[in-house]
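Single-structure report; data block below.
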Amino acid sequence: MDTSGGESEVTGEADDLMQLLPPSRTGVTFSNDLEITEEINPYTYRNFYNGAGVGLGDFNNDGLLDIFFTGNLVDNALYYNQGDFNFKRFDFNVAKSAANVNSPGSWSTGVTVVDINADGWDDIYVCKSGPPAEAKVAGLDGVRHNELFINQQDGTFTEEAAAYALDFNGLGVHATFFDYDQDGDLDVYLLSNSNRSVSGYDLVRDARNTPDPSGGNRLLRCNWPEENDGQIVYEDISGAAGIYRSAIGFGLGVTAGDVDNDGRTDLFVSNDYFERDYLYYNDGNGQLREALTEELPEISLGSMGADLADLDNDGLPELFVTEMLPATDERYKTKAVFQAWNRYQMFRDKGYHQQFGRNVLQWNRGNGRFSEVSRLAGVEATDWSWGALIFDIDGDGKKDIFVANGIGKDLIDQDYVKFDGNGDVIRKTLIEEGKSILTLFDKAPSEKLVNGVFRNESNLQFSPANQDWGMDQVSFSNGAAYGDLDNDGDLDLVVTNLDQPAFVYRNNSSQNHLLIDLQQEGSANPNAVGAKVICYQNGRQQYRELQSVRGFQSTVDRRLHFGLGEETMVDSLVISWPNGVTNVLGEMTAGVHSLIRNGSRITASAGQSVSSLARKKGQSEQTEDIATLLVKTSEINGVDAHQESDFVDFNQDGLLLWSISNEGPGLAVSSDQKLLFQGGAKGQIHTIYRLNQKGKVANVEAVLDVKPQSEAVDALFFDANNDGREDLYICHGGYEYNRSNTALLDQLYLNTPGGWKLSEQLLPSNNTLCSSSCAEAFDFDEDGDLDLFVGGRVVPGQYGLPATSYLLINDGKGIFKSKPIGKLGMVTDAVWGSWYSGGPPVLMVVGEFMPPTALSISKKGEILERLAVGDSGLWQSIDRTESSDGKIRYALGNHGLNSRLRANGKNALVLYLNDFDGNGKMEPVFCRRTNMEKDIPLALKDDLVAQLPGLRKQLQRYSSYAGKSIHEIFPPELVNRSIVITATDLASVEFSSETGDEDLEWIPLPNEAQLQPVYAIRYADLNGDATPDILLGGNQLTVKPELGIYAAGFGQVLLGDQQGGYIGLQPGQSGLDISGEIRAIAPFRNGKWIVGRSNDRPVLVERIER
């Protein structure tokens, strides 16, 4: 296969699943060629490399899909399908068409194929962009406004945009037609950019509320002919509908679909640059309610194309949005640019939301909840990406992902920006030296890329499939559209490229398929735009919605495709028509193209019989919920919201990747369930509340610190002095204090008849200050009182050094003798108990960059054995239970798999700790180890050099840093003296044992447990079946922007399946739906738990009794 992208034809192999057919075979020679000139170039026109679109439609009603390409500096092109992948270009002059669909001299962008006048023939709406008409750029003297080509049913078209009031002049991008007001005709959302420069904005809060009179997006309502003397006219109702149409909305994609499954079409708008995206819910009252910040905790920063489709076959659509994150280290280290933390905070706090430089995959979990799982799915990085399409490429019944990639010139290449493309060089080149601007572009690097192709492996896992499927050609691709070009039932693909002929892929799938064409006769929406179909097949379901405007500036085949794998029959179809009618159709045979008109079915393939039986008796029209609601939640009023301090770990340690100082609040419930303690962050009081039996606050029991300087990260009620009253131990942690700051001292409050008295003991040690993480009470010396283990979290300012943990040996009167446990690691949690039935008790300890470790402790407090149990990870939490089968189970919360950090099998996260610059301070250099070979630093060059200025001379160019291992950056003797620790597993897991470490059974917890770092985990029996279930929670919102925050969790119920495994329930199935950063889960009475959250109030979780 020739994949060079050079002058020779790029061709595929006959045995490729997706066979690339060359222009000499198809006749499709269209190439969206760009020529940089003094007048038109990326500096004079910011969207120069945005490319164009492709639209598929049957423009001559011969039953074959035709292809329409838009061109930027070249004419549009319409290719009629002659059959067998032979196409013939429409010749305007020969056809003597009243309108030239080629739009010569126009910068065309998005193409929408729509039957706008409901005459049964596909029309074409083309958006226009480029420099303004008054710029008078050579070669761009054609029509500047958007054009509407009405199909005359004889092979010709008339241009009627003005008559329809759709002749907008601006930076048009794309348009999607949908029935916004459910009156039966098609309204339109028009995506258009402002003519203003991207620069010069000062991040004004709520700037999106100010309309831009010269541009901006529009919502236009269709007024059908009887209202306007026979002429369809579109009316601008943008203001009344409540859509944003400001100058800051640099939209690149608009996606229509029923996001919340309420029967009305919603909208998602992808915005480039600094403005956040928009998610509009159609409430059916004439308003489009924008709710993105409530629904999507994490979004892309420079959003491009998008698609909305059901990826996990649960009947709810997922949203996939493309961005520009490079996939390889070479391009990542030279092309990627991220906001600094403080700038990210400023954007976020001014209303621009939590945006990150990566693709996002928003997993629809129902009830308005979305979890961003691109990193879990492995689809977050596809480089400079445009078109995003979700469709079943291999016909196995699971939809795959295609991403069109490439940018003509890498103008954000950091070496180019620094040395050739910065303002000083540009001024010198153009003014002092009098050279052409073209010399600047000649210096800019250019690299064609492979498009992204991902096979759906189920369970939100995707694998690259470029080579396996024959789609490994390199190109600068933009728009793309899928459709069945040869009517064999599977989906072919057309991709439009810059400076290269378009790609036409023939799908050679041998799987079975079903293709459905819906039509509403006598309707102003004849092609049933907005219809939804569920296909039931052998106990499975597939969901499709008819929205043909998808991806980037493109229109796909409107027929709905269902891949059936090896199955030959469909049990039934449920069709929800746009007019609210629902039809159920019985068995259908694979391989049939079915035309379904208003509920009746017409088979397009002669000689094939299709059963017209209704749905088989007893089959449900929707999948049964796996469980009824198990719990209910309520905020605990009367408890002050925890308020984290404004300290930023990254300002103290520039190479840290995530925060250590937001791991509170410390939360504890007394054993009699009458007292709740919530500790504050620095500057916030620590408080004990008295609760009633329902978990409501009766009164404030005690305020423990009126001028607190400490960060409470954990707490424990226990009887320290054997007086029958529970006392309180508070762990103080964080990263903001130096090693001599007494704010790190823990506190022991004794519960006396006269009130809560602070013990004068210096805890956990009177010799060394420690940033604590956890406390666990147990009587290890069996003398009848409770001793303590206090975990050492971190050495402040020296992340990576093992912190000292302590055994506090109780004399029975609440006076503790401190015994250090050195070199245990960066401990986060611990639990005491036998780890197999009948065995001796051990202390199971977890932490970051350490394996779970079982400590056997003698009665004298000596560590008899340290046994590493499992792999090293970024463990955050642990709990223990004994199940009815006699097994001891441990649930361990880890960093999770929804992360750009990778540690599994051949990959590891490696931390080198050393005083690399000799300034007396240790620096942590995080590296990724791939295939157990080189350790490549994760930090970008500017961040590394800012922390270690001595590297500036060595790493002058970004390209000199890309791909280098830590051994190639620092002298061997320095690297060899480093403290090196690794994490090899980031999955949250459970392990169990019957006899000890020799029969450990490890199981990864379900995907729902891998979405975020799990800071709290508890066993529980939520459905009364005596099988352990799990409650867990986490999230981490203070993470370097290059990694992105972890906000995909809403608390999680894992239901024990009585087979030794767990089933992850969605929020709407379990009833557990808690936003924010969960830090603690404390048992409270029978069937109740209290959940502590950073920067929020605690939540009461109650089991629903049955």
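For the sequence shown, the residue numbers in the numbering used here are 1162 to 2267. We put the CB at the ideal spot given by N, CA and C, even for glycine.
A straight-line Cα-Cα distance of about 9 Å links residue 2062 and residue 1536. Contact check for residue 1442 against residue 1468 fails: the beta carbons are separated by 8 Å or more. Only residues of its own chain outside the window of five on either side were considered, and among them 2164 have a CB closer than 7 Å to the CB of residue 2222, listed in chain order.
Each of 1367, 2102 and 1897 was checked against the Cα of residue 1808, and the nearest Cα belongs to 1897.
Rounded to the nearest angstrom, the Cβ distance from residue 1337 to residue 1273 is 7 Å, consistent with a contact under 8 Å.
By alpha-carbon distance to residue 1371, the top candidate from 1982, 1381, 1459 and 1355 is 1355. When DSSP states are grouped into helix, strand and coil, residue 1956 belongs to the coil group. Burial of residue 2011 is indicated by the presence of at least 16 other C-beta atoms within 10 angstroms of its C-beta. Taking 8 Å as the cut-off, the Cβ atoms of residue 1612 and residue 1179 do not count as close. In the DSSP annotation of this structure, residue 2189 is not part of any beta strand (DSSP E), being labelled neither H nor E. Inclusion of residue 1477 and residue 1711 in the CB contact set at 8 Å is not warranted, their separation being larger than that value. Inter-residue distance for residue 1962 and residue 1409 is about 46 Å (C-alpha atoms, whole angstroms). Of the candidates 1475, 1867 and 1614, the residue whose Cα lies closest to the Cα of residue 1563 is 1614. Residue 2225: member of the beta strand (DSSP E) spanning 2223 to 2225, first to last residue. No Cβ-Cβ contact shorter than 8 Å links residue 1309 with residue 1341. For residue 1253, the enclosing alpha helix (DSSP H) has its first and last residue at 1253 to 1256. Counting every other CB atom within 10 Å of its CB across the protein chains shown gives residue 1496 a total of 16 or more, marking it as buried. Residue state for residue 1811 is assigned as helix, using DSSP reduced to three classes.
In this structure, the beta-carbon distance from residue 1227 to residue 1219 falls below 8 Å. Residue 1926 is not a Cβ neighbour of residue 1890, given a cutoff of 8 Å. Nearest Cα to residue 1815 within the set 2082, 1325, 1803 and 1213: 2082. Below 8 Å, too few C-beta pairs join the segment 2064 to 2077 and the segment 2204 to 2213 to call them touching: fewer than three. Around the Cβ of residue 1739, a 10 Å sphere holds 16 or more other Cβ atoms; the residue is buried. Its chain contains 1394 and 1395 as the residues whose beta carbon lies nearer than 6 Å to that of residue 1326, once the 5 sequence neighbours on both sides are disregarded; these appear in chain order. Secondary structure of residue 1658 (DSSP, three-state): strand. In terms of Cα proximity to residue 2005, the closest of 1997, 2015 and 1999 is 2015. Straight across, the Cα-Cα distance linking residue 1666 with residue 1638 is about 14 Å.
Residues 1878 and 1887 of the same chain have their beta carbon placed closer than 6 Å to that of residue 1831, with the five preceding and five following residues left out of the count. Taken through DSSP and simplified to helix, strand or coil, residue 2229 comes out as helix. Counting the other CB atoms within 10 Å of its CB gives residue 2144 a total of 16 or more, which places it among the buried residues. In the same chain as residue 1791, and ignoring 5 residues on each side of it, the C-beta atoms closer than 7 Å to its own belong to 2183, 2184, 2214, 2231, 2232, 2264 and 2265, in chain order. For the options 1870, 1829 and 1867, the alpha carbon positioned closest to that of residue 1850 is the one of 1829. Straight across, the Cα-Cα distance linking residue 1755 with residue 1432 is about 38 Å. CA-to-CA, the gap between residue 1618 and residue 1789 works out to about 29 Å. The continuous stretches of beta strand (DSSP E) do not include residue 1313, and DSSP gives it neither H nor E.
Fewer than three Cβ pairs drawn from the segment 1507 to 1515 and the segment 1668 to 1683 lie within less than 8 Å of each other, which leaves the two stretches out of contact.
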